[in-house]
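Numbers 1 to 298, taken from UniProt numbering, label the letters of the sequence shown in order. For each residue, glycine too, the CB sits at the ideal point set by N, CA and C. Model, not experiment: these values are computed from the prediction. What follows is a single structure, written as structure tokens, with notes after it.
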Amino acid sequence: MIELVIDQRRKDLGGFEVGRVLPYAKRRAVGPFVFFDHMGPVDMPAGLPRTVDVRPHPHIGISTLTYLFDGEITHRDSLGVQQDIRPAEVNWMTAGSGVTHSERFERARREGGRLEGIQAWVALPDGQEEIDPSFQHVGTTELPTWSEDGIKGRLAAGEAFGMKAGVSTFSPLHYLHLELEPGARFQTPTNHSESAVYVVSGLVEIDDGRPLGHGQMAVLEKKIASVVCALEPSTIMVLGGEPVGERFIDWNFVSSSKDRIEQAKADWRAGRMKLPDMDDQEFIPLPADPTPPANPMS
Numbered sequence: 001m002i003e004l005v006i007d008q009r010r011k012d013l014g015g016f017e018v019g020r021v022l023p024y025a026k027r028r029a030v031g032p033f034v035f036f037d038h039m040g041p042v043d044m045p046a047g048l049p050r051t052v053d054v055r056p057h058p059h060i061g062i063s064t065l066t067y068l069f070d071g072e073i074t075h076r077d078s079l080g081v082q083q084d085i086r087p088a089e090v091n092w093m094t095a096g097s098g099v100t101h102s103e104r105f106e107r108a109r110r111e112g113g114r115l116e117g118i119q120a121w122v123a124l125p126d127g128q129e130e131i132d133p134s135f136q137h138v139g140t141t142e143l144p145t146w147s148e149d150g151i152k153g154r155l156a157a158g159e160a161f162g163m164k165a166g167v168s169t170f171s172p173l174h175y176l177h178l179e180l181e182p183g184a185r186f187q188t189p190t191n192h193s194e195s196a197v198y199v200v201s202g203l204v205e206i207d208d209g210r211p212l213g214h215g216q217m218a219v220l221e222k223k224i225a226s227v228v229c230a231l232e233p234s235t236i237m238v239l240g241g242e243p244v245g246e247r248f249i250d251w252n253f254v255s256s257s258k259d260r261i262e263q264a265k266a267d268w269r270a271g272r273m274k275l276p277d278m279d280d281q282e283f284i285p286l287p288a289d290p291t292p293p294a295n296p297m298s
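Given below as structure tokens:
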């Protein structure tokens, strides 16, 4: 059964729009998922300006989970990693005590092309918010897939239906990508206390009730399985897990402590957070900062 429906809100990131779903005023998180952005779909022309890229910026207290349906993003971070992210792969960067990274559209700049994907933030549990930052890139061979009864599925992270993805997570969760043919029916997992269904494209019905279309997320009742029926060809993401407790979000910083967030803001403003090794010539200033930021360390 549906507890709440959340409609994406369009946000301009300075060159292209995303559909923001989480956090939402009436629902700050689903399990450990505290942020959920639908990037695109957008057709990027060859030669697009660098101003469209996401310049270096910081994070604390989370793992970022980037998953694409179309296109390519070049990731660079302060751990020295450079990695191209392609469809059906998982880019899992754990910020912990602090990391910086950039996301650039270099292939689209050369060739043009379509971009679509989801970026989610997974809050780190108590006792692990300040772990050392790390990075994982997980290819398609490490993500379990299945196909039956009009459903093509991939487990992108966590555990569900006896399967486990090759991503080292820090708390119980599930994150599934499903392609549904018209009439296909999928029963949501109940191995975690919270779960939600997000419609990337198409139209579905949950428990033979309210239709759910592009850009909508249905937060489901806790621990109760729901049946998702595709009314037309549809792509959905199913996400959930165990809550990690209250988390505060300010810009790109997430923590159980407001004081820790203020410290992170001060560190970024003062230039105490190292920029990506291979992308250290520019950065995103702290929003609405009344004083110009120092040049972060390279």
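| message | Here's a check: name, in chain order, each residue in its chain whose Cβ is nearer than 6 Å to the Cβ of alanine 294, leaving out the five neighbours to either side. | response | Low per-residue confidence applies at alanine 294: pLDDT is 49, beneath 50, and the placement is therefore not dependable, though the value from the model is reported in the following sentence. For alanine 294, same chain residues with a beta-carbon under 6 Å away, outside a window of 5 residues either side, are Ala270, Gly271 in chain order.
| Between which two residues does the alpha helix (DSSP H) carrying methionine 268 extend? | Contrary to the premise, residue 268 reads as tryptophan rather than methionine in this sequence. Annotation for tryptophan 268: the continuous alpha helix (DSSP H) segment containing it runs 258-270.
| said: Can you give me the C-alpha to C-alpha distance between serine 298 and alanine 288, rounded to a whole angstrom? | reply: A caution first: serine 298 carries a pLDDT of 34, below 50, which makes its placement in the model unreliable, though a value can still be read off. Serine 298 and alanine 288 have their C-alpha atoms spaced approximately 23 Å apart.
| field | Spatial distance of alanine 46 from isoleucine 151 (CA atoms) | value | Here the C-alpha atom of alanine 46 lies approximately 35 Å from the C-alpha atom of isoleucine 151.
| Whose CA, out of Pro211, His177, Leu124, Arg154, lies closest to the CA of serine 168? | The residue with the shortest Cα to Cα distance from serine 168 is Leu124.
| Which of helix, strand or coil DSSP assigns to arginine 107 | In the three-state reduction of the DSSP assignment, arginine 107 falls in the helix class, which pools H, G and I.
| Where does lysine 223 land, buried or exposed, given buried means 16+ other C-beta within 10 angstroms? | Result: exposed.
| task | Output the distance between the C-alpha atoms of glycine 61 and proline 32, rounded to the nearest integer angstrom. | result | Spanning the two alpha carbons is a distance of roughly 12 Å.
| field | Cβ-based neighbour list, glutamate 179, same chain, cut-off 6 Å, excluding 5 preceding and 5 following | value | Same-chain partners within the cutoff: Lys152, Thr235.
| field | First through last residue of the beta strand (DSSP E) which encompasses leucine 231 | value | Premise fails: leucine 231 is in no beta strand (DSSP E) and is neither H nor E.
| Inter-stretch contact (C-beta, 8 Å, three-pair minimum) for the segment 54-70 and the segment 89-105 | Yes, since at least three Cβ pairs between the segment 54-70 and the segment 89-105 fall closer than 8 Å, the two stretches touch.
| said: On the criterion of 16 or more Cβ atoms from any shown chain inside 10 Å, does proline 243 qualify as buried, or is it exposed? | reply: By the C-beta density criterion, proline 243 is buried, having at least 16 other C-beta atoms within 10 angstroms.
| task | Output the distance between the C-alpha atoms of glutamine 281 and arginine 104, rounded to the nearest integer angstrom. | result | Take the alpha-carbon of glutamine 281 and the one of arginine 104: they are about 14 Å apart.
| request: Could you name each continuous beta strand (DSSP E) segment of 3 residues or more that falls completely within the segment 183-235, going from the start of the chain to the end? | output: DSSP assignment within the segment 183-235 yields the following whole beta strand (DSSP E) runs of 3 residues or more, N-terminal first: 185-187, 194-201, 203-206, 211-213, 216-220, 227-230.
| said: Does alanine 266 pass the burial test, meaning 16 or more other C-beta atoms within 10 Å, or should it be called exposed? | reply: Exposed, because fewer than 16 other Cβ atoms sit within 10 Å of the Cβ of alanine 266.
| field | Cutoff 6 Å; reference glycine 80; Cβ partners in own chain excluding five residues on either side | value | Only Asp277 meet the Cβ criterion.
| request: Count the other CB atoms, across all protein chains shown, that sit within 10 Å of the CB of threonine 51; report buried if there are 16 or more and exposed otherwise. | output: Threonine 51 is exposed by the Cβ-count criterion.
| field | Spatial neighbours of isoleucine 73 in its chain, beta-carbon cut-off 6 Å, leaving aside the 5 residues before and after | value | Excluding positions up to five away in sequence, the list reads Ile85, Glu103.
| My guess is that threonine 64 and tryptophan 121 are in contact by the Cβ rule of under 8 Å, so how many angstroms apart are they, rounded? | Confirmed, Cβ separation roughly 6 Å.
| According to DSSP, which residues form a beta bridge with methionine 93? | DSSP output for methionine 93 lists Thr64, Phe135 as bridge partner(s).
| query | If you count every other CB in all the chains shown that lies within 10 Å of the CB of glutamine 187, and 16 or more means buried, which is it? | reply | So glutamine 187 ends up on the exposed side.
| query | For serine 195 versus leucine 231, is the C-beta distance shorter than 7 Å? | reply | Leucine 231 is positioned such that its CB atom lies no closer than 7 Å to that of serine 195.
| query | Do you know how far the Cα of glycine 162 is from the Cα of proline 292? | reply | Note that proline 292 scores a pLDDT of 46, beneath 50, so its modelled location is shaky and nothing firm can be said.
| field | Selection from Pro23, Met1, Ile2 that minimises the alpha carbon distance to arginine 9 | value | Checked all of Pro23, Met1, Ile2; the closest Cα to arginine 9 is Pro23.
| One or two residues paired with threonine 141 in a DSSP bridge | The partner list for threonine 141 (beta bridge, DSSP) is empty, contrary to what the question assumes.
| said: Whole angstroms are fine: how far does the CA of leucine 275 sit from the CA of aspartate 77? | reply: Near 7 Å, if we compare the C-alpha coordinates of leucine 275 and aspartate 77.
| Classification of glutamate 82 by the beta-carbon crowding that lies within 10 angstroms, buried from 16 upward | It is glutamine, not glutamate, that sits at residue 82 in the sequence shown. Exposed, because fewer than 16 other Cβ atoms sit within 10 Å of the Cβ of glutamine 82.
| message | For valine 138 and valine 199, which I take to be in contact (beta-carbon distance under 8 Å), what is that distance rounded to the nearest angstrom? | response | With a Cβ gap of about 24 Å, valine 138 and valine 199 do not count as contacting.
| message | Buried or exposed, going by whether 16 or more other CB atoms sit within 10 Å of the CB of arginine 109? | response | Burial call: buried.
| In whole angstroms, what separates the C-alpha of histidine 75 from that of isoleucine 118? | So the two alpha carbons sit approximately 15 Å from each other.
| Chain-order list of residues whose beta-carbon lies under 7 Å from that of glutamate 181 (same chain, five-residue window excluded) | Result list for glutamate 181: Gly150, Ala230, Pro233, in chain order.
| query | Anyone know if the C-beta pair for valine 238 and leucine 143 falls short of 7 Å? | reply | Between valine 238 and leucine 143, the gap from beta carbon to beta carbon reaches 7 Å or more.
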